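Novice: Position one of the sequence shown corresponds to residue 48 (this note's numbering), numbered consecutively onward. Below is a structure I'd like to ask you about.
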Amino acid sequence: MRLVQYSKEYYERQIRDMLSHNNANDIVRPTLIDPDTCKPDNARSPEQKFLIYHHLYHEYLNDQYLESQTTQSLEQGSHAPKPPPQQNVLVEGLPGTGKTFCTNVLRNIVRNLHGMDTDPASTP
């Protein structure tokens, strides 16, 4: 029961904080996970780089879709754009292959792009 109460209070606080920032100068940068280590530049294997670039490309497609929706809502009579496919990634491997590194890099990317401490990159 305490977890439910904590969750409710946490998300209410997050929403209140988001809504209280009206000016771009007021925005507080999100908390990043080990920012010196968990950044795309530190990817070692081609597989890690592919996963990171794939995620960035998906973020780009999603941004283009949201922008086209805004433009479409301003123009009368235009057809609705098709949303990009949903991205689900399963990261698995032996110990030491960089699973946690990849997950944390993707979370940092989402946090930086969307400016929030909460992110959907780590949802099960």
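Yeah, the Cβ is synthetic: ideal placement off N, Cα and C, and Gly gets one too. Being a predicted model, the structure only gives us computed values, none of them experimental.
1. Buried or exposed: Asn-70, going by 16 or more other Cβ atoms within 10 Å of its Cβ?
2. Can you give me the C-alpha to C-alpha distance between Glu-56 and Leu-113, rounded to a whole angstrom?
3. Return the CA-CA distance between Arg-158 and Thr-150, expressed in angstroms with no decimal places.
4. What do you get for Ile-62, buried or exposed, if any count of 16 or more other CB atoms within 10 angstroms of its CB means buried?
5. Would you tell me roughly how many angstroms separate the C-alpha atoms of Lys-129 and Asn-135, rounded to the nearest one?
6. Alpha carbon to alpha carbon, how far is Gln-111 from Tyr-53?
7. Residue range of the alpha helix (DSSP H) that Thr-147 falls in?
8. Considering only the alpha carbon of each residue, which of Pro-142, Leu-141, Phe-148 and Tyr-58 lies closest to Asp-83?
9. Shortest alpha-carbon distance to Leu-160 belongs to which of Val-51, Gly-140, Arg-76 and Arg-60?
10. Using the Cβ count rule (16 or more neighbours within 10 Å means buried), how would you classify Val-51?
Specialist: From the atom records:
1. With a pLDDT of only 49 at Asn-70, under the threshold of 50, the placement of this residue in the model should not be trusted; the figure read from the coordinates follows. Its Cβ having fewer than 16 others within 10 Å, Asn-70 is exposed.
2. 30 Å
3. 12 Å
4. exposed
5. 18 Å
6. Cα-Cα distance, rounded: 36 Å.
7. 146 to 161
8. Phe-148
9. Comparing Cα-Cα distances from Leu-160 to each of Val-51, Gly-140, Arg-76 and Arg-60, the minimum goes to Arg-76.
10. Counting of Cβ neighbours within 10 angstroms places Val-51 among the exposed residues, the total staying below 16.
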